[in-house]
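Peer 1:
Residue numbers (this note's numbering), protein chains in the order written: chain A, 89 to 449; chain B, 1319 to 1570.
1) Please report whether the beta-carbon of residue 451 of chain A lies at a distance below 7 Å from any beta-carbon of chain B.
2) Have a look at the DSSP bridge pairing and note the partners of residue 1541 of chain B.
3) Beta carbon of residue 168 of chain A, beta carbon of residue 313 of chain A: below 7 Å?
4) Suppose you measure from the CA of residue 115 of chain A to the CA of residue 299 of chain A; what does that come to, to the nearest Å?
5) Could you name the residues of the same chain whose beta carbon sits closer than 7 Å to that of residue 1520 of chain B, not counting the 5 residues immediately before and after it, in chain order?
6) Around the Cβ of residue 425 of chain A, are there at least 16 other Cβ atoms within 10 angstroms (buried) or fewer (exposed)?
7) Quick check: the Cα distance between residue 413 of chain A and residue 370 of chain A, rounded to an integer number of angstroms?
8) Looking at the strands, I want to know which residues DSSP matches up with residue 273 of chain A.
9) Under 7 Å between C-beta atoms, does residue 1513 of chain B make it to chain A?
10) May I have the straight-line CA-CA distance separating residue 60 of chain A from residue 174 of chain A, to the nearest angstrom?
11) Mind pulling the chain B residues with CB within less than 8 Å of residue 343 of chain A?
12) Taking residue 372 of chain A and residue 157 of chain A to be in contact with their CB atoms under 8 Å, please state how far apart those CB atoms are, rounded to whole angstroms.
13) Give a yes or no on whether 7 Å exceeds the smallest Cβ distance from residue 1410 of chain B to chain A.
14) What are the boundary residues of the alpha helix (DSSP H) that includes residue 1339 of chain B?
15) Is residue 105 of chain A near the ligand COA - that is, is its Cβ less than 6 Å away from at least one heavy atom of it?
16) Bridge partners for residue 1377 of chain B per DSSP, in chain order?
17) What do you get for residue 109 of chain A, buried or exposed, if any count of 16 or more other CB atoms within 10 angstroms of its CB means buried?
18) Would you list the one or two residues that DSSP bridges to residue 1351 of chain B?
19) Ordered along the chain, which non-local residues of its own chain (more than five positions away) have a Cβ less than 8 Å from that of residue 1330 of chain B?
20) If you draw a straight line from the alpha carbon of residue 308 of chain A to that of residue 266 of chain A, how long is it in whole angstroms?
21) Less than 7 Å between the C-beta atoms of residue 345 of chain A and residue 185 of chain A, yes or no?
22) From residue 1477 of chain B to residue 330 of chain A, what does the alpha carbon distance come to, in whole angstroms?
23) Using a C-beta cutoff of 7 Å, does residue 1391 of chain B count as contacting chain A?
24) Since residue 1418 of chain B sits in a beta bridge, which residues does DSSP pair it with?
25) Can you tell me which of the three DSSP states residue 448 of chain A falls into?
26) When you compare the CB positions of residue 1480 of chain B and residue 1401 of chain B, do they come within less than 7 Å of one another, or not?
27) Specify the secondary structure class of residue 1384 of chain B as computed by DSSP and reduced to three states.
28) List, in order along the chain, the chain A residues whose C-beta lies closer than 9 Å to that of residue 1572 of chain B?
29) What in chain A is Cβ-close to residue 1403 of chain B, meaning under 8 Å?
30) Distance cutoff 7 Å, beta carbons only. Does residue 131 of chain A sit that close to anything in chain B?
31) Counting only Cβ pairs nearer than 7 Å, list the residues of chain A close to residue 1435 of chain B.
32) Considering only residues of the same chain and omitting the five flanking positions on each side of residue 1454 of chain B, which have a CB-CB separation below 6 Å?
33) For chain B, check one thing: does any of its Cβ atoms lie closer than 7 Å to the Cβ of residue 319 of chain A?
34) At what residues does the alpha helix (DSSP H) containing residue 335 of chain A begin and finish?
35) What residue from B/1535, B/1545, B/1390 and B/1324 has the CA that sits closest to residue 1358 of chain B's CA?
36) Three Cβ pairs or more, each shorter than 8 Å: is that satisfied between the segment 1546 to 1566 of chain B and the segment 1518 to 1537 of chain B?
So this is what it looks like as structure tokens:
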């Protein structure tokens, strides 16, 4: 009779409805999209944020690229429980791959991204047979060793292909379509919100990454990854070919790291050797842990905080030179009080507000 | 033909003979208990059968197929389930998820799962999970994290996870260890249900002799890596070799 019939007794706005909605793919899609569209404006230009939060244009792109990297990394660390300390390898290999396409073939942004991602993924498949036999700290150390080996190889023996210390230059990134290059401004209100086409390109891949990772987490694989994290021995005794699923998790995670690396090459038209250096692997660990292991959006929050410290706080008078120290203190504090990171803090605040709102029927 | 045939299995650890030419078989539908004092080789034998250890010599024939050298997951997929002595569960997952992950692997082997499909779309998996939760009386706790369960319930979950693999033959390693008398009674009933109503063949390792004599069709006694007696509960109860093994005749 009335439209209320569709919902039974449930009001249009209720916590139950919210709980169901917030895990739906459509909601994740719109949330990630809305974030990607509004973030640069809020971060760089919004009048309400004032001077202290003001970042700069290229930092918004960097943050989104690292967000992609960290979200993919978290699939391996947060879900499957494998701490890789060498993800810079996949990030770097894909970055060089994208660069080589532009130099030796044709520098269309999408071609660079596709080839870069494939190279990152293939490289992860090559090292998986060595790495996935190892556990815990041995896994971390050998993954670090593999990434460092690549760094040293890229620096000296292969410097005619990698440009060594000087990095890979002389690449030309071609227009996306027509005569629109990635560096061009977006038209009208899109330009005000997001700036360049390059940002839009990164944002599109960001949303794809978020939705894809969300989907994997909701699939049987998501459950299996968690089972491996919780108890690998038991997993084998319920009939699981553990190696196969670890391999899947590892390659998925490396592929997403590769996507981030390829996007960075398109953005900068340059590949620096420091992408392979261990600190890149370390950065992504810190971002993921600060943001919140086992959460979908946590690593994004971690990437924002980390890059904001490195890119903005760094430039402040007096305290700027201590940014790493401040970050270390923040990191320790967050991990101490909120093992689930910034995202865990957000959910706790949310739960608190909800209990104030009288959600106790 | 026996469901499980252990033939001349010898297991040596650097000169130490843990199993010495062990022969035993289990018929379909039977409940066989494996008993013996600590250090008799019970765990080693189970580990050999389930693929955790490869025997130095001998073969393990399951349903006509030699399983020596196969990986534990392959053996599980053939239909040999296992519940562990220490609760080997997935602590951070909910009770339902614990069972669910086993159901997925059972219904879909290892090869037909899609990493881009929502897992609540797999109806037959959900049914299997709910069935197991009901059989083991875990429905009320299904949404709790497994680590929050009291001890007895954890052990029941342990069995539930093993059951979800749809075993034809189930190994139960001391399912009543550390349980209160009431919990032990419940577990005994459960074991009988599994055998009689669900048609599962069971190999039970157990120290509680009341349970063993209550549920077993046959009993195999291991002592210092050798089988010293096989027979019905009545035969074993009166066997002088079994008595001396338990009362300090050999191992102390």
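Note that beta-carbon positions come from the ideal geometry of N, C-alpha and C, so glycine has one too.
Peer 2: Let me lay it out:
1) In this structure chain A extends from 89 to 449, so residue 451 of chain A is not present and cannot be described.
2) Taking the first residue of the second chain as 1, we reach residue 1541 of chain B at position 223. Its beta-bridge partners are B/1544.
3) Against the first chain, residue 168 of chain A aligns to sequence position 80. Against the first chain, residue 313 of chain A aligns to sequence position 225. Yes.
4) By 1-based counting over the first chain, the position of residue 115 of chain A is 27. By 1-based counting over the first chain, the position of residue 299 of chain A is 211. Rounded to whole angstroms, residue 115 of chain A to residue 299 of chain A spans 10 Å at the Cα level.
5) Position 202 of the second chain, counted from the first residue, corresponds to residue 1520 of chain B. Cβ within range, chain order: 1349, 1488, 1490, 1509, 1512 and 1513.
6) By 1-based counting over the first chain, the position of residue 425 of chain A is 337. By the 10 Å Cβ count, residue 425 of chain A comes out exposed.
7) Working through the first chain from its first residue, we reach residue 413 of chain A at position 325. Working through the first chain from its first residue, we reach residue 370 of chain A at position 282. Their Cα atoms are separated by approximately 16 Å.
8) Here residue 273 of chain A refers to the residue found at position 185 when the first chain is read from its first residue. Partner(s): A/284.
9) For the purposes of this step, residue 1513 of chain B is taken as residue 195 along the second chain, with counting starting at 1. For residue 1513 of chain B, not one C-beta of chain A is nearer than 7 Å to its own C-beta.
10) Only positions 89 to 449 of chain A appear in the structure, and residue 60 of chain A is not among them; the question remains open.
11) Here residue 343 of chain A corresponds to residue number 255 of the first chain, with the count starting at 1. Going along chain B, no residue has its Cβ under 8 Å from residue 343 of chain A, so there is no contact; the nearest lies around 12 Å.
12) Your numbering for residue 372 of chain A matches position 284 in the first chain. Your numbering for residue 157 of chain A matches position 69 in the first chain. The Cβ separation is near 5 Å, so the contact holds.
13) As a first step, residue 1410 of chain B must be located in the second chain, where it is residue number 92. Closer than 7 Å: yes.
14) Indexing the second chain from 1 puts residue 1339 of chain B at position 21. From DSSP, residue 1339 of chain B is part of no alpha helix (DSSP H) but of the beta strand (DSSP E) over 1334 to 1344.
15) Although the ligand COA was asked about, the structure shown includes no ligands whatsoever.
16) As a working mapping, residue 1377 of chain B is identified with position 59 in the second chain. According to DSSP, residue 1377 of chain B bridges with B/1325.
17) One-based indexing of the first chain puts residue 109 of chain A at position 21. The residue in question, residue 109 of chain A, is exposed, as its Cβ has fewer than 16 Cβ neighbours within 10 Å.
18) Translated into positions along the second chain, residue 1351 of chain B becomes position 33. Per DSSP, B/1522 and B/1537.
19) Within the second chain, the letter at position 12 stands for residue 1330 of chain B. Excluding sequence neighbours, residue 1330 of chain B sits near 1336 and 1374.
20) As a position in the first chain, residue 308 of chain A is number 220, starting the count at 1. As a position in the first chain, residue 266 of chain A is number 178, starting the count at 1. Rounded to the nearest angstrom, the two C-alpha atoms are 43 Å apart.
21) Walking along the first chain from the start, residue 345 of chain A turns up at place 257. Walking along the first chain from the start, residue 185 of chain A turns up at place 97. Going by beta carbons, residue 345 of chain A and residue 185 of chain A fall outside the 7 Å limit.
22) To locate residue 1477 of chain B, count along the second chain from 1; it is residue 159. To locate residue 330 of chain A, count along the first chain from 1; it is residue 242. Between the C-alpha atoms of residue 1477 of chain B and residue 330 of chain A there is a straight-line separation of about 21 Å.
23) Against the second chain, residue 1391 of chain B aligns to sequence position 73. Closer than 7 Å: yes.
24) Position 100 of the second chain, counted from the first residue, corresponds to residue 1418 of chain B. According to DSSP, which records beta bridges pairwise, residue 1418 of chain B is partnered with nothing at all.
25) In the first chain, residue 448 of chain A corresponds to position 360, counting from 1. At residue 448 of chain A, the pLDDT of 49 sits below 50, so the modelled position is not reliable and the matter cannot be decided from this model.
26) Start at 1 with the first residue of the second chain, and residue 1480 of chain B comes out as number 162. Start at 1 with the first residue of the second chain, and residue 1401 of chain B comes out as number 83. Cβ atoms of residue 1480 of chain B and residue 1401 of chain B: closer than 7 Å.
27) As a first step, residue 1384 of chain B is located in the second chain; it is residue number 66 there, counting from the start. Three-state result, residue 1384 of chain B: strand.
28) Outside the modelled stretch of chain B, which goes from 1319 to 1570, sits residue 1572 of chain B, for which no answer is possible.
29) For the purposes of this step, residue 1403 of chain B is taken as the residue at position 85 of the second chain. Residues of chain A passing the Cβ test: none, with the nearest at roughly 13 Å.
30) Numbered from 1 along the first chain, position 43 holds the residue referred to as residue 131 of chain A. No, residue 131 of chain A does not count as interfacial toward chain B.
31) Stepping through the second chain from its first residue, residue 1435 of chain B is reached at position 117. Within 7 Å Cβ-Cβ: 307.
32) Reading the second chain from its first residue, position 136 is the one you call residue 1454 of chain B. Result list for residue 1454 of chain B: 1474 and 1478, in chain order.
33) Translated into positions along the first chain, residue 319 of chain A becomes position 231. Chain B, which has a Cβ nearer than 7 Å to the Cβ of residue 319 of chain A, makes this yes.
34) Here residue 335 of chain A is taken as the residue at index 247 of the first chain, counted from 1. Looking at the DSSP string, the run of the alpha helix (DSSP H) that includes residue 335 of chain A is 330 to 356.
35) Translated into positions along the second chain, residue 1358 of chain B becomes position 40. If we check each option's Cα against that of residue 1358 of chain B, B/1545 comes out closest.
36) The segment 1546 to 1566 of chain B vs the segment 1518 to 1537 of chain B: in contact.
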